[in-house]
Structures are given as structure tokens and as C-alpha cells.
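Report on the following structure.
In the numbering used here, the protein residues as written are 75 to 675.
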């Protein structure tokens, strides 16, 4: 097997990494898993386990049969799981390793999780590759919401909480210690709910009461945590009221190409006493009687959009870093693209939109940079020409065309290929093949339950689809859309199957109901237009990569109350927008991305 090294690069370099050692007890939800401690290095070493079955916090880490067979053929005999546990600030990473010829080599299915349960970084599923050395993970710490509790020593045997409350006791707590004036206790929770051992970090001695005397001066310092954005400090007389400073403005950054491509922006979310949890806002109506450090709360927004659908698909595809496969479809043929989305997810590959007759030089360069070995061409020759196959073949990529006599038969043939790849024929998803909005939402269902998407008409289900379901002994059927969108003919034909229909009063409510149903432990969503199918198409495999659900957004600035309340309930802290401001406005993007911060401030 060819040896390659992979590195994760991000827009910001995290300078100070402080690790915690951890000893994690037996995990629940896995078979024969025993965690053992490797060493006592307080700056973090691996904890290890041996596991028969691999699972993932978001449900998509388990190897499919073809991947497992490939490993077996390559001489991998057993599996090992290693978890590096970081501080509450940094979260935790789990790397799956495979045993070969007496040595373990790192392979590439991993994610890094923040202490709020969601990933601090995304896009980092890599293919299984043999490596010379272990992967060292460096990543930027974008704002998390760690609650920090601080205690002051009153005397030898007692401590007083300074008012900073513990909100996330699952992840750490405070203990007393006779030798410390002020201490943190970090307790890290792994993705299976196990709590690590603790480590004390002593904070310098502080006065119990630092309130100043009447007639003295007090200073308020404003910390933005971003170089180049400065807010002047304020010096006041004891007991005066502070004037809220002018809101700082972050100049959005746009990176036009490569793995870090996207539009990055931040919105001011208020001033807080606590640097991490932002649970105690500054009350400017109260007199200031002591020197005060305030910390800004930023809401981060991220958008992927190109000058057209083709450039947008390239930007999304660049997030895959490396892929053995690619799925190529006509960017103006949404039925083929919609049913192809689960194929891209099944092969951990991007969906690349192209024109009918030629694939662009930029797309050829992209295929090369991803090191693609095999490309699926979806659709008939009158939809995507033989010339494209020739262009792709000419750069050494094997091509396979999947098509059918119509969109429904094409979707069935794609489904057959997906089953051949995954070996999992338990479930199928039906969506309207003649109107795209509900079909866009169906990609979330397909990603969550690892199913193909079969297209159907609003009036009936095709006989060929019935035969396909029965021939493959499929037991679970998901239908996305109401009976006006997709006929109840499906229920009538499969009364012996477990059938789940998901629908809402309109396309936006349907996508929300889908997101609720899948019940991810997610704190993030992908936003796409409910009016422009092209952006939603390329979002499907991206959603499979990150395991984020897709939410359709209207072409206005309004965030409806039901969606807002749902996003607040899941503690949303990340929203990725795919598509231009024409389809999803900056204002609506901010309302979604900042829904939690707006509530705090």
C-alpha cells in the first residue's frame, strides 16, 4: 500500500495546547471495550482500547463490509481504538487504528469534539491509509462555550465561589485543595459518557475582595481576543456607570480556494465577565466599584459560495482533502444529482457539478488534487456526454457510468450500486423525483440511516421500485414529503414494512421535521436555499461528511419561531451556509448562526 502523510491545515494556528491525562472506564455501547492508561504524562498521552465494533458520536464511523474486506485482504487482523483526551478547552479526538504485521498504523476516521458535544472542526474524515507515523492533530480553537467555575480560598478549610457558575458539570467540576489559593478541576467526558480523572491547575493567589474604596479610580478592560480589533479601556470614578463602548466590527475574510476556502465572519454578541461560557453578561446599569476585565462574545458565521453552481461545488469538494472516488453529474439535471448524493456519501466522495459536454480545467485540477482513482458519471449521454468520460479517463481515472431509461430507473440503478458498496440493505428512502425541495431534505435521512434515495412520482410508485424493494428484502422505508408530494401508494404496496413518513406544512417545515426526526447529537446545521436546488445538491455529500443535517432556508430575512426555538433547544453553535447571499441573506445567516448568543445578550 502506498504510504502517504496527511496534515490538517486551518486558517488560525492554535499556539498553546494543554493536554490532560485521563483514565477512562469501560465504555457503554461497544462490545468488549476496555480502556487502559498508558502513562501519567499530564500533558496528554493516548488512552487505548481494543474494540470489536466501531461507532461514532454522530453515527457514521462504522466501517462498511467492503471497507472491512479491503482491510482484511491487506493483512489487517485486529483493530485498536485510541483516544487522546484534551482539556475542556480543547475537547477530545479519537483515532481508529488497525493492526498489521505486529504494528499499529493510524488510519483516518476521526473527529475532534468540543466540550459542548459538537465538533470544533469538521471536514476531517480521511480515507484509510497506511502511514509512517502517528497523526499529530493541530487545529484552531474557534470559540467554544466552556463554563468555568472559580473558587476563592476564605481560610484553610473553606472556599467561596466567585459567582462564575458551573453550567456544564458533565465536563468538569471544581474541587478544594489545601495548598492552592484558587484551582480548576478539569474533568473531561468522552463520547461514550465516561468521565476522566482530574488534574489540578493552580491559579495565582487573588484577593478575596478586590473592591476599591470610594473616591478611587476603577478601570474596565475590554478583551476582543482578536489581534487588530481593539476597544479602549475606560477609567471611571468609583461607583460611576460605564458607557457601553461602540460595538467592534469584524471585517469578513474570504478565502477563494483550497481546503480553507469560504467566507468567514463574526458578529458582536455582547460583553461578559467570563471568558468561556459567556454566562454572566456585563450589566452597564450597575455602578462599577472595582477593576473589571470584560470579554467579548463573537458569533461565527461561515459560508461556501462561488460565482456559480459549478464553482460552489468545487469549493465544497475541496473540503474532502482526499478521496478515492468522485461522483460527477450534470449541474442542470437535479433528478440525477439528487439520487446520486447518497452514492457520494457511501463512497466518502464529493459531488461535482459539470456542464453537459465538457468538464472544466478547474474540475480536472480538483480531481487530481483529491487523488481520485474512480469517478462515477451519472446520467445518460444526452445529459452528460461521452466527452466528459474521455476527459476524466485521460488523467488516469477509471470511470463508471450509471444511467437508466428515466430518472426513476437511474435512481434504482444508483441504489443497487450503493448496496453493493455498503452491503447494508436494511432501509431505503423515497422522495419526489419531480420537485426538488423535499428531495433535498431526503438527503439528511439518507445520510443518517445510510440509505439510497429512490425517486417516485406524486401519483404512484413505479412497479420497478416495488420489485426492487422486495427483491432486496428491505425492511425500513422512509418517505420524505406529504401525500401531495409523494403518493400514499407506497404505504399501500408495502403494508408489511416499517414505514416512516416525514412531512411538514411546506418545504421548510418538512426539512425541520426531518432534522428533528433523525435525532443527531448535533449542535450544527447546514443551511441551503429552498428555492435553488443546485446549492442543496452539493450540500448532500458535505452533510454526509460532517454528519450535519440540512435545513432549507427561505429567500428572505425571516427565521420562523418554530425553527428558532428548535435551534436554541439543541444549543446550536455552528451553521454552515452553502450558496450566495442572493439565496440566503447575511442577515438570515446571522439569525441562525447567532441564535444562542442573541438569547444570551
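Every residue, glycine too, gets a C-beta built ideally from N, C-alpha and C. Source: prediction; values computed, not measured.
Strand pairing of residue i, partner residues [DSSP]
| i | result |
| --- | --- |
| residue 355 | 346 |
| residue 625 | 601 |
| residue 473 | 449 |
| residue 428 | 404 |
| residue 295 | 367 |
| residue 642 | Paired residues: none, contrary to the question. |
| residue 656 | The partner list for residue 656 (beta bridge, DSSP) is empty, contrary to what the question assumes. |
| residue 341 | 373 |
| residue 553 | 504, 575 |
| residue 336 | 329 |
C-beta contact flag for residue i and residue j at 8 Å
| i | j | result |
| --- | --- | --- |
| residue 463 | residue 473 | yes |
| residue 513 | residue 506 | yes |
| residue 611 | residue 408 | yes |
| residue 362 | residue 378 | no |
| residue 331 | residue 615 | no |
| residue 333 | residue 312 | no |
| residue 566 | residue 551 | no |
| residue 516 | residue 503 | yes |
| residue 393 | residue 373 | no |
| residue 633 | residue 599 | no |
| residue 488 | residue 413 | yes |
| residue 585 | residue 658 | no |
| residue 291 | residue 364 | no |
| residue 575 | residue 529 | no |
| residue 644 | residue 386 | no |
| residue 400 | residue 446 | yes |
| residue 358 | residue 322 | no |
| residue 397 | residue 423 | yes |
| residue 366 | residue 294 | yes |
| residue 402 | residue 335 | no |
| residue 471 | residue 441 | yes |
| residue 338 | residue 376 | yes |
| residue 371 | residue 405 | no |
| residue 437 | residue 426 | yes |
CA nearest to the CA of residue i, picked from the options
| i | options | result |
| --- | --- | --- |
| residue 558 | 532, 541, 549 | 532 |
| residue 630 | 663, 647, 619 | 663 |
| residue 369 | 422, 410, 306 | 306 |
| residue 519 | 589, 476, 322 | 589 |
| residue 432 | 460, 581, 410 | 460 |
| residue 635 | 582, 598, 652, 293 | 582 |
| residue 444 | 647, 585, 388 | 388 |
| residue 650 | 624, 670, 644, 643 | 624 |
| residue 524 | 439, 605, 547, 618 | 618 |
| residue 641 | 469, 420, 399, 669 | 669 |
| residue 546 | 534, 574, 492 | 492 |
| residue 591 | 561, 328, 579, 554 | 554 |
| residue 538 | 510, 573, 442, 478 | 478 |
| residue 417 | 494, 627, 318 | 494 |
| residue 428 | 468, 382, 580 | 382 |
| residue 410 | 315, 510, 396 | 510 |
| residue 301 | 320, 325, 315 | 325 |
| residue 648 | 639, 622, 419, 344 | 622 |
| residue 315 | 356, 661, 580, 497 | 356 |
Chain D contact for residue i (CB, 8 Å cutoff)
| i | result |
| --- | --- |
| residue 339 | No chain D appears in the structure shown, which is made up of a single protein chain. |
Start-to-end residues for the alpha helix (DSSP H) that takes in residue i
| i | result |
| --- | --- |
| residue 648 | Premise fails: residue 648 lies in the beta strand (DSSP E), 648-652, not in any alpha helix (DSSP H). |
| residue 290 | It is not in any alpha helix (DSSP H) - residue 290 carries neither H nor E in the DSSP assignment. |
| residue 489 | 481-496 |
| residue 583 | 581-592 |
| residue 516 | 510-523 |
| residue 540 | 537-545 |
| residue 389 | 383-391 |
| residue 612 | 607-620 |
| residue 666 | 660-667 |
| residue 566 | 563-567 |
For residue i, the first and last residue of its enclosing beta strand (DSSP E)
| i | result |
| --- | --- |
| residue 465 | Element bounds for residue 465: not the beta strand (DSSP E) but the alpha helix (DSSP H), 460-467. |
| residue 440 | That residue, residue 440, is in no beta strand (DSSP E); its alpha helix (DSSP H) goes 435-443. |
| residue 572 | 572-576 |
| residue 367 | 366-378 |
| residue 503 | 501-506 |
| residue 529 | 527-530 |
Could you pull out every unbroken beta strand (DSSP E) segment of at least 3 residues lying fully inside the segment 300-330, listed in chain order?
-> Assignment of beta strand (DSSP E) within the segment 300-330, counting only whole runs of 3 or more residues, yields 308-311, 327-329 in chain order.
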